[in-house]
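Numbering (full-length UniProt numbering), first residue to last: 1 to 131.
We put the beta carbon where it would ideally sit given N, CA and C, even for glycine.
Below, the structure is given as structure tokens:
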């Protein structure tokens, strides 16, 4: 019987740094950013070809849902980065400065890092139990 203590050991500095630039992290980040703009793209297609009805495509909806849930549960939540963005905009005396989208992109990147790190940790734990 294996102990979980070895599998759940703290990550080294090199492991943590590699998660920030791992291809899986960057691919997940690119997907989340691209999925955010699916409704805008679908609306543009709908204006050009109204018969296309892009919103009824189940594939488009399924591609958009993860990014939408992350933005609602992580970014727009009471503990989310959106509150910091609005505080900075209020402090600077500007509105609609684009900081909202910068904060959203930062949130997507940080969530990508955490999800890839969590996946690697789970894989390490499960791998130790299979041996």
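Check whether the Cβ atoms of residue i and residue j sit closer than 8 Å, and answer yes or no.
i	j	result
residue 67	residue 36	yes
residue 104	residue 89	no
residue 21	residue 116	no
residue 41	residue 63	no
Out of the options, which has the shortest C-alpha to C-alpha gap to residue i?
i	options	result
residue 71	27, 93, 110, 25	110
residue 101	77, 81, 43, 120	81
Tell me, to the nearest whole angstrom, how far the beta carbon of residue i is from that of residue j; I am working on the premise that it is less than 8 Å.
i	j	result
residue 65	residue 107	No, residue 65 and residue 107 are not in contact; Cβ-Cβ is about 16 Å, not under 8 Å.
Q. Per the contact definition of three or more C-beta pairs closer than 8 Å, is the region 112-131 in contact with the region 18-35?
A. In short, these stretches touch, since the Cβ pair count reaches three.
**Q.** Runs of alpha helix (DSSP H) lying entirely within the region 60-123, each at least 4 residues, in chain order
**A.** Listed in chain order, they are 81-92.
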